[in-house]
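A short worksheet on the structure shown next.
In the working numbering, the protein residues as written are 352 to 800.
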């Protein structure tokens, strides 16, 4: 049984800043904004990085090996036999699985890029912060000096600055051309829905953790994360659970249907009700629920898949979402990596049928999605898993912040409305950039949450 040590409650941002300063490959699964737990750890015993052709494994003793075997099979082997330990996490894999990895797992051949398709660390301990109970525990085989380090740390995010100019691809004209092409495919019966995304890029200097500290306060969701892994820091404010597996129960929570929030309470309530009563959004939601029922059934016991919640409203700082819940029981012969293999990428960010929708996305989007619309989360040594859909996610690399926003297109979609949806979905990112001065002040010690 893994060890557990109780600590004084510590803010997760402070804890993560301390670990990132002292140890390599720090990761933070951030549940403070609407979730229950934050999980913070660093210094993995093994780092697995897959580039689309081979996996490079780097052990903490400096040993490096390369394998052309299936990356999820290598991950399952590294996790080893199921162990017992304290929930929600006492050790295991934390990292990301890109959208292109999902395409590859589904039998397509995406082009190779400079970014990893999978980057995960195998961690043997974790600081688990329970925001509801106000507690903090060190689970697993944590270094003995950690309690002192966390108690005495003065670490904080560094200064940062973002160029106010943005590169948006495609622009409105190119988006309209892609939209028309998708309408052609929809008319011909190639598919029923296609998720089309736009890419936004801004020049950046300084500490990405400073950006995240500001971003999480403005647009953080219950499945947020900060990963300091190969491929550049990943900053996610996702509101959407992709796959959860615990005690044999599988859960996925697809989001389909979005409306902006309003500062006027009456207008905000009207927007929420308009979403809930929208026949178009309900039809799209059901379409993706059916897709996910099929996906998780591949690894679930026959007859166990059900839909306990349909068309629920979840409201966040900037948007309302329509959310459904699909559940099942994992079959005895399957595990978390099997479930991930069967379901990645999530149907809510591809369209339906998934395979054809992904082909159309590859044809019409100008660049690989990378982490965006992949999955971020953990697979524990106890066999449990919890991952997000990596939306509202920024990749900080080579002096750029790269983020994306999209939406599902169906036959009766209107181009101007769909283009506007990408704009307001990206607005939370824009707010962060506009408030870069406030972000720099926070990084220098002024509280701004």
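Glycine is no exception: its CB is placed at the ideal position from the N, C-alpha and C atoms.
Point to revise | Cβ-Cβ distance between residue 724 and residue 740 below 9 Å | key: yes
Practice item. Quick one: measure Cβ to Cβ for residue 555 and residue 513, integer angstroms, because I've assumed they're closer than 8 Å. Key: 5 Å
Practice item. Put residue 448 into one of helix, strand or coil per three-state DSSP. Key: strand
Check your understanding: Quick one: complete beta strand (DSSP E) runs, 3+ long, within the segment 419-491?
Key -> 443-448, 469-474, 476-481, 486-491
Review point. Among residues of its own chain, excluding the 5 on either side of residue 459, which ones have a beta-carbon nearer than 8 Å to its beta-carbon?
Key: 706, 709, 710, 713
Exercise for review: Indicate the three-state DSSP secondary structure (helix, strand or coil) for residue 772 in the structure shown.
Suggested key: helix
Point to revise | Span separating the alpha-carbon of residue 679 from that of residue 659 | key: 10 Å
Check your understanding: Within 10 angstroms of its Cβ, does residue 379 collect 16 or more other Cβ (buried), or is it exposed?
Key -> buried
Check your understanding: Considering only C-alpha positions, which residue in the set 698, 673, 647, 621 is nearest to residue 689?
Key -> 647
Point to revise | Through-space distance from residue 517 to residue 716, alpha-carbon basis | key: 18 Å
Practice item. Verify whether the separation of the beta carbon atoms of residue 590 and residue 573 is less than 9 Å. Key: yes
Point to revise | Distance, residue 577 Cα to residue 563 Cα | key: 8 Å
Practice item. Can you give me the start and stop residues for the alpha helix (DSSP H) that residue 656 sits inside? Key: Note, residue 656: premise wrong, no alpha helix (DSSP H); not H, not E.
Exercise for review: Evaluate residue 790 with the Cβ neighbour count: other Cβ atoms within 10 Å of its Cβ, from every protein chain shown; 16 or more gives buried, anything less gives exposed.
Suggested key: Reliability fails at residue 790, whose pLDDT of 43 lies under 50, so the model's placement of it is uncertain and the value that follows must be treated cautiously. With 16 or more other Cβ atoms within 10 Å, it is buried.
**Study point:** Residue range of the unbroken beta strand (DSSP E) whose run includes residue 678
**Key:** 670-680
Exercise for review: Enumerate in chain order the residues of its own chain whose CB-to-CB distance from residue 485 is below 8 Å, with the five nearest sequence positions on each side excluded.
Suggested key: 360
Exercise for review: Please determine if the segment 690-700 and the segment 590-602 are in contact, where contact requires at least 3 C-beta pairs separated by less than 8 Å.
Suggested key: yes
Point to revise | Cβ-Cβ separation, residue 354 to residue 442 (assumed contact under 8 Å), whole Å | key: Not a contact, Cβ separation roughly 11 Å.
Review point. Tell me which same chain residues have a C-beta within less than 7 Å of the C-beta of residue 760, skipping the five on either side of it?
Key: 530, 533, 544, 545, 547, 769
**Study point:** Simplified DSSP assignment, three categories, for residue 367
**Key:** helix
**Study point:** Euclidean distance between Cα positions of residue 374 and residue 509
**Key:** 16 Å
Practice item. Report the option in 482, 581, 423, 371 whose CA atom is closest to the CA atom of residue 500. Key: 371
Point to revise | Three-way DSSP call (helix, strand, coil) for residue 565 in this model | key: helix
Practice item. Reducing DSSP to helix, strand and coil, say where residue 699 ends up. Key: helix
Review point. Starting from residue 503 and walking both ways along the alpha helix (DSSP H), at which residues does that stretch end?
Key: 497-503
Exercise for review: Starting from the C-beta of residue 602, find all residues in its chain whose C-beta is less than 6 Å away, skip the five residues before and the five after it, and write them out in chain order.
Suggested key: 595, 678
**Study point:** residue 788 in three-state terms, based on DSSP
**Key:** In this prediction, residue 788 scores a pLDDT of 46, lower than 50, which makes its location untrustworthy; the coordinate-derived value is nonetheless stated afterwards. Residue 788: helix per DSSP, three-state reduction.
**Study point:** 9 Å Cβ cutoff met for residue 480 and residue 445
**Key:** no
Review point. When DSSP labels each residue in this structure, what does residue 556 get in the three-state scheme?
Key: strand
Exercise for review: Determine the direct distance from the alpha carbon of residue 522 to that of residue 683, and round the result to whole angstroms.
Suggested key: 49 Å
Practice item. Indicate whether residue 629 and residue 722 have their beta-carbon atoms separated by less than 9 Å. Key: no
Point to revise | Cβ neighbours of residue 385 in the same chain (closer than 6 Å, five flanking residues each side left out) | key: 573
Check your understanding: Taking the continuous alpha helix (DSSP H) assigned at residue 709, which residues delimit it?
Key -> 705-715
Point to revise | Own chain, CB closer than 6 Å to residue 796, minus 5 neighbours either side, in chain order | key: Legend: pLDDT at residue 796 = 42, less than 50; position of this residue unreliable, value from coordinates given subsequently. Cβ within range, chain order: n/a, list empty.
Check your understanding: What's the C-alpha gap between residue 462 and residue 454?
Key -> 10 Å
Check your understanding: Going straight from the alpha carbon of residue 557 to that of residue 636, what length do you get?
Key -> 40 Å
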